[in-house]
Amino acid sequence: MNDRPLYIPVILGTTRRGRMSAAAADLMVAEIAKRPGLRTDLIDIATLSLPVDDAGEGIKDSRFAERVSAADGLVIVTPEYNRGAPGLLKHVLDSCLKEYIHKAVGIVGVSAGGFGGTRVIENLLPTLRELGLVTIFWDVNVSKVHKVFDESGALEDTAILKPIDKFLRELVWMSRTLRYGRERIPVDL
Numbered sequence: 015m016n017d018r019p020l021y022i023p024v025i026l027g028t029t030r031r032g033r034m035s036a037a038a039a040d041l042m043v044a045e046i047a048k049r050p051g052l053r054t055d056l057i058d059i060a061t062l063s064l065p066v067d068d069a070g071e072g073i074k075d076s077r078f079a080e081r082v083s084a085a086d087g088l089v090i091v092t093p094e095y096n097r098g099a100p101g102l103l104k105h106v107l108d109s110c111l112k113e114y115i116h117k118a119v120g121i122v123g124v125s126a127g128g129f130g131g132t133r134v135i136e137n138l139l140p141t142l143r144e145l146g147l148v149t150i151f152w153d154v155n156v157s158k159v160h161k162v163f164d165e166s167g168a169l170e171d172t173a174i175l176k177p178i179d180k181f182l183r184e185l186v187w188m189s190r191t192l193r194y195g196r197e198r199i200p201v202d203l
């Protein structure tokens, strides 16, 4: 087995001021960092320099592309905006292609309401598949985010840690399995 740590960055998929999704992204980074054999960091799409007058690989941010290329798996933390994903998250995701192929991805949906981002997760799944990512079958749903985290972003409701653990165990397994395949089995497309 490869001794190199799995690299699983967390993508914070919103740029809005006052975004409570940042607390969920920070929690995911902290939970991944606690696990042996893993390394992570936060990719905040608000810090990327992407033009909005073009699309696809023509707008690629080299820092984002390099981190995604090095990743063994990804976590996307996104709020639900009107039943869908933030437009800028989709714009960022569309800027890469080959960097995603045969890599695991899991989604953390964040919502002020009771559904915990389930609709944004359902909305994103076809896009992630089209990009070549392999979606895991567990999600994390952060419902009523203002009750899970306080105004400073501190965790208030530790019940969220159990689904995060289940989610990360599946993501790590899938990331290891897919890395093994990418490193040892040629793809004949």
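Sequential numbering of the sequence shown, starting at 15, is according to the numbering used here.
Just so it is clear, CB atoms sit at the ideal spot from N, CA and C, and this is done for glycine as well.
Here the structure is a predicted model, which means the values were calculated and not measured.
Next on the checklist: I'd like the list of long-range same chain contacts for E136, defined as Cβ closer than 7 Å, with 5 residues on each side in sequence excluded.
Outcome noted: So no residue of the chain qualifies.
Item to check | Cα-Cα separation between T172 and V162, rounded to whole angstroms | outcome: If you take the alpha carbons of T172 and V162, they lie about 8 Å apart.
Checklist entry - Buried or exposed: which applies to A60, given that a residue is buried once 16 or more other Cβ atoms fall within 10 Å of its Cβ? => result A60 is classed as exposed because its beta carbon has fewer than 16 other beta carbons within 10 Å across all chains shown.
Checklist entry - Taking C-alpha atoms, which residue in T29, K117 and V201 lies nearest to G101? => result In terms of CA proximity to G101, T29 leads the group T29, K117 and V201.
Next on the checklist: For a test of the three-state rule: what should DSSP assign to D58, helix, strand or coil?
Outcome noted: Three-state result, D58: strand.
Checklist entry - In whole angstroms, what separates the C-alpha of E170 from that of K104? => result Roughly 30 Å between the two C-alpha positions.
Next on the checklist: Residues in the same chain with beta-carbon distance under 7 Å from D17, minus the five sequence neighbours each way, listed in chain order, please.
Outcome noted: Close CB contacts of D17 within its chain, under the 7 Å cut and outside five residues either way in sequence, are absent.
Checklist entry - Where do the N-terminal and C-terminal ends of the alpha helix (DSSP H) with P50 fall, by residue? => result From DSSP, P50 is part of no alpha helix (DSSP H); its letter is neither H nor E.
Item to check | Chain-order list of residues whose beta-carbon lies under 6 Å from that of Y114 (same chain, five-residue window excluded) | outcome: Excluding residues within five positions, the ones whose Cβ falls inside 6 Å are L145, G146 and L147.
Item to check | F129, DSSP secondary structure in three states | outcome: In this structure, DSSP gives F129 a state outside helix and strand, which the three-state scheme calls coil.
Item to check | Pairwise C-alpha distance: C110 and R81 | outcome: As the crow flies, the alpha-carbon of R81 is around 11 Å from that of C110.
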